[in-house]
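Protein chains in written order, with the working numbering: chain A, 1129 to 1548; chain B, 1129 to 1548.
Protein chains: 2
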Amino acid sequence: MGLKKKPVTGMKDILPAEMEIRDYVLNQIKETYRSFGFSAIETPCVEHIENLLSKQGGDNEKLIFKVLKRGEKLDLASAETENDLADSGLRYDLTLPLSRYYANHAASLPSPFKALQIGSVWRADRPQKGRFRQFMQCDIDILGDATNQAEIELILATTTALSRICPNNGFEVRINDRQILKAMALSSGFAEDEIEKVFIAADKMDKIGEDGVKAELVEYGCSDNAADKYLELMKKTSETSEGVRQMGELLAGFLPEQAAENLAEIMDAVKEAAGNVRLIFDPTLVRGMGYYTGTIFEVAMEGLGVSVAGGGRYDKMIGKFTGMDTPACGFSIGFERIVTILLEGGCKVAGEKVKEAWLYEKGLPAQRLAGIMKEAMDRRAEGRVILVAQMNKNKKFQKEQLSKDGYQEFKEFYKEELKR
Amino acid sequence: MGLKKKPVTGMKDILPAEMEIRDYVLNQIKETYRSFGFSAIETPCVEHIENLLSKQGGDNEKLIFKVLKRGEKLDLASAETENDLADSGLRYDLTLPLSRYYANHAASLPSPFKALQIGSVWRADRPQKGRFRQFMQCDIDILGDATNQAEIELILATTTALSRICPNNGFEVRINDRQILKAMALSSGFAEDEIEKVFIAADKMDKIGEDGVKAELVEYGCSDNAADKYLELMKKTSETSEGVRQMGELLAGFLPEQAAENLAEIMDAVKEAAGNVRLIFDPTLVRGMGYYTGTIFEVAMEGLGVSVAGGGRYDKMIGKFTGMDTPACGFSIGFERIVTILLEGGCKVAGEKVKEAWLYEKGLPAQRLAGIMKEAMDRRAEGRVILVAQMNKNKKFQKEQLSKDGYQEFKEFYKEELKR
């Protein structure tokens, strides 16, 4: 029987050139976070179906690859729905497994716990260009730290990692707080139960502009006046902590007392510790996920305008699983997006090793070849990358292919010395 | 709803201490193979069910985690067997996906192609101590090279990787050839159709000893004389290529002409290029898998006696999928076994970085804390690992826990300088 040569629908084989870039990015991320005291962890790719369907994943729960029960547990005759057939599934994100992991192991983990989790996740999304059904996620979380030290560390570590990956590009961190967003709405005259809608409209600023946002707000039944006031507050972007403190004064009576100062401190500390990070208080930043409770942030690569990392504080999520609230703050790096940017040459990779190909003529005496192998071993021990390969009949084509694979230096060995 | 805290049956969460060892082993493997010109590749964890059930996996095909069809494709009402419900499954090894990958991409890969594939595989085995249903495999294969250069490179690269992982342990490579095993049986008087059984009996030498093997051979209906002659040949272990050449002479007429010389050359070349590798021609080495066609080899860690890597030549396998035979030779490193040895202290890990924990008293002024963060950033840029964390009330317990996590140096920061 012939085998199916293509990968399953929506998933991809990764060729050597892309693997080099993926490994390079992974190494930079791991080394950086490790230097900040983050600990790598791993959870199985397969998760209990009950956990996956526990309403923590939003729409992702519709996209689960479910795993069939095995042996006697699979009772096809009496199965009525597909959920009778599956006892587990492939994880659709790393946050749910992290919550389970923390609930399971908190007693043997340091507090606060700084976790780095890198792994594949699966979503049975409609296949489309550049989006795959198996992809890598890369999450950093600090669990058990209620102070803004968590935010400061996450921003410093993430911008350090991104700067190591793309040393020639600048990065821009936009920061906000869900509490400020809420106070902005309340102080503008919106009611408590309108806030959710206000966030959804405000989140579209990038796409539909000020007029569009205003139109949506008015459509929700808000007064013209409230909408204008809210839009006015959204303009108070600032690159200094002073701007945040002023916003705090404007929102006095609507904002918890320490909230603005908390954010201002984060800005000051990041600037003090990392002078090269461009940090912007941005009252238009909302971020989609419903579970954020405080600070939110997003990192964009300058010049490209796309977000390459984002996250925030979500103090109420772990409690839903463990029954006890645990302060939590996290960042997710857009691993696949960064790989795409590197593949398309959007940023230069630093420090590639020179790769040499040593080609030998067919029929070279075994002893001479052994000598060549020995020399290659010595050079590799010095840190060089050396491929030893038999010369093909079409040497020119062979070298072209090797060049495509990144080999820049060639050495040739012939039976007769004269040919060299 | 409460979440299930334990991982799914038979799979495990990996704690930080084990992750450090896993990452260390992975890095050594990747760097070493890369220096030999191997290219990392990746295939999806999910594979077509038709491929997984194509009889290349032996008993592993009974242990597949099958993935449920989705949407309209899942027709529960008309499904008669479980295979009507699944369109894919989790891979049970990396060799089958490698064959599919090579069939799919050969045109854009160099020839010969030197592949390094590291990834998780899944087998729904009966859960037992130390064996898990998700585990890591690490395979190195050279595809498209019919010469013994492939074997030489694989042995050199693998022993180099193992020596880097455990620099203080010796390694022993045992090597044989399926053709020699076959010729040994034929020259002893066994018939062609008895060879399979002879291999199975010979493979048990470790466990049941010479008498046991002889008893099994005689039980199969072999003559006492044939069994004795075969057992005599099995004793011709040798640490020099001369021993292999002598075996070739003993088997003249039964062994293809170049076979012994081919193996002798491998031994000479490996010794020339890597003087520290102990290489033993071992006529008792069989290795279980049926697909080997030529050289076979196994690496053991000296002192522990367990095999940590094994492999061989399998020139007929890829042809079963592509319709065109492709010479192939590969090594599989026992990744999980090596991690276990390291976890149990069986070999010392080299070059661990010193980890420092900087603890600050609660309530330290924000500006002072920012200065500490800045200093930590500078030290990290120099390559140090520094955790900055708030001091817990029970500082002693906190430090004990951090020590367990590998932090050896501590620095403390107080509000009042005097307390230091």
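A virtual CB, placed ideally from N, CA and C, is assigned to each residue, including glycine.
Cβ contact check for the stretch 1516 to 1534 of chain B and the stretch 1424 to 1440 of chain A: 3 or more pairs under 8 Å: no
Just verifying my parser: in three-state terms, what is the DSSP assignment at Gln1184 of chain B? coil
Unbroken alpha helix (DSSP H) run spanning Phe1525 of chain A, endpoints: 1523 to 1532
Using a Cβ cut-off of 8 Å, pull out every chain A residue sitting near Gln1262 of chain B, in sequence order please. Pro1172, Cys1173, Val1174
Can the beta-carbon of Val1301 of chain B be found closer than 8 Å to that of Arg1373 of chain B? no
When the Cα atoms are used, what is the spatial distance from Phe1263 of chain A to Arg1162 of chain B? 24 Å
For a cutoff of 8 Å on Cβ pairs, would you count Arg1496 of chain A as touching chain B? no
Anything in chain B within Cβ reach of Gln1374 of chain A, meaning under 7 Å, just list it in chain order. By Cβ distance, chain B contributes nothing, its closest Cβ being about 18 Å from Gln1374 of chain A, past 7 Å.
On a CA-only basis, which of B:Leu1492, B:Gly1451, B:Ala1485, B:Tyr1420 is nearest Phe1459 of chain B? Give me that one, please. B:Tyr1420
8 Å Cβ cutoff, Ala1387 of chain B in contact with chain A: no
Are any of the Cβ atoms in chain A nearer than 8 Å to that of Pro1240 of chain B? yes
Between the Cα of Pro1411 of chain B and those of B:Ala1319, B:Lys1335, B:Arg1306, spot the shortest distance and give me the residue it belongs to. B:Arg1306
Backbone CA spacing between Leu1471 of chain A and Ile1149 of chain A [nearest angstrom]: 7 Å
Using beta-carbon positions only, say whether Lys1543 of chain A and Glu1489 of chain A come within less than 8 Å of one another. yes
Are Phe1260 of chain A and Met1139 of chain A touching if we call contact CB-CB under 8 Å? yes
Would you kindly work out how many angstroms separate the C-alpha atoms of Glu1170 of chain B and Lys1133 of chain A, rounded to a whole number? 15 Å
Within the 8 Å Cβ cut-off, does Val1195 of chain A reach chain B? yes
Please classify Arg1251 of chain B as buried or exposed, where buried requires at least 16 neighbouring CB atoms within 10 angstroms. buried
Please tell me whether Asn1304 of chain B and Asn1390 of chain B are closer than 8 Å, where the distance is taken between their beta carbons. no
Please check if any C-beta of chain B sits within less than 8 Å of the C-beta of Phe1541 of chain A. no
Return the first residue and the last residue of the beta strand (DSSP E) that Glu1148 of chain A is part of. Glu1148 of chain A -> not in any beta strand (DSSP E); alpha helix (DSSP H) instead, spanning 1144 to 1163.
What is the rounded straight-line gap between the Cα of Met1129 of chain A and the Cα of Ala1234 of chain B? Residue confidence for Met1129 of chain A is low, a pLDDT of 48 falling below 50, so the modelled location carries little weight; the figure read from the coordinates is stated next. Cα to Cα, the separation comes out at about 20 Å.
Name the chain C residues whose beta carbon is nearer than 8 Å to that of Met1139 of chain B? You won't find chain C in this structure, because its protein chains are A and B.
Under three-state DSSP, which class holds Lys1448 of chain A? helix
In chain order, each beta strand (DSSP E) run of at least 3 residues that lies wholly inside the stretch 1166 to 1234 of chain A: 1167 to 1169, 1174 to 1176, 1194 to 1196, 1214 to 1218
Roughly how many angstroms separate the alpha carbons of Pro1240 of chain A and Ala1274 of chain B, rounded to a whole number? 56 Å
Which residues in the same chain have their Cβ closer than 6 Å to the Cβ of Glu1281 of chain A, if we skip the five residues on either side of it in sequence? none
Ranges of the alpha helix (DSSP H) found wholly within the stretch 1289 to 1318 of chain B, counting only runs of at least 4: 1306 to 1316
If you draw a straight line from the alpha carbon of Arg1219 of chain B to that of Tyr1230 of chain B, how long is it in whole angstroms? 16 Å
Which residues does DSSP list as the beta-bridge partners of Tyr1488 of chain B? B:Gln1518, B:Phe1541
Figure out for me which residue from B:Met1429, B:Lys1539, B:Leu1492 has the closest Cα to the Cα of Ala1289 of chain B. B:Met1429
Buried or exposed for Gln1265 of chain A, going by 16 or more other Cβ atoms inside 10 Å? buried
Could you give the first and the last residue of the continuous beta strand (DSSP E) run that contains Gly1438 of chain B? 1435 to 1441
How about Ala1355 of chain A: is its C-beta nearer than 8 Å to some C-beta of chain B? no
Would you list the one or two residues that DSSP bridges to Glu1426 of chain B? B:Arg1302, B:Gly1438
Report the neighbours of Ala1517 of chain B on chain A: residues whose CB is nearer than 7 Å to its CB, in chain order. Pro1240
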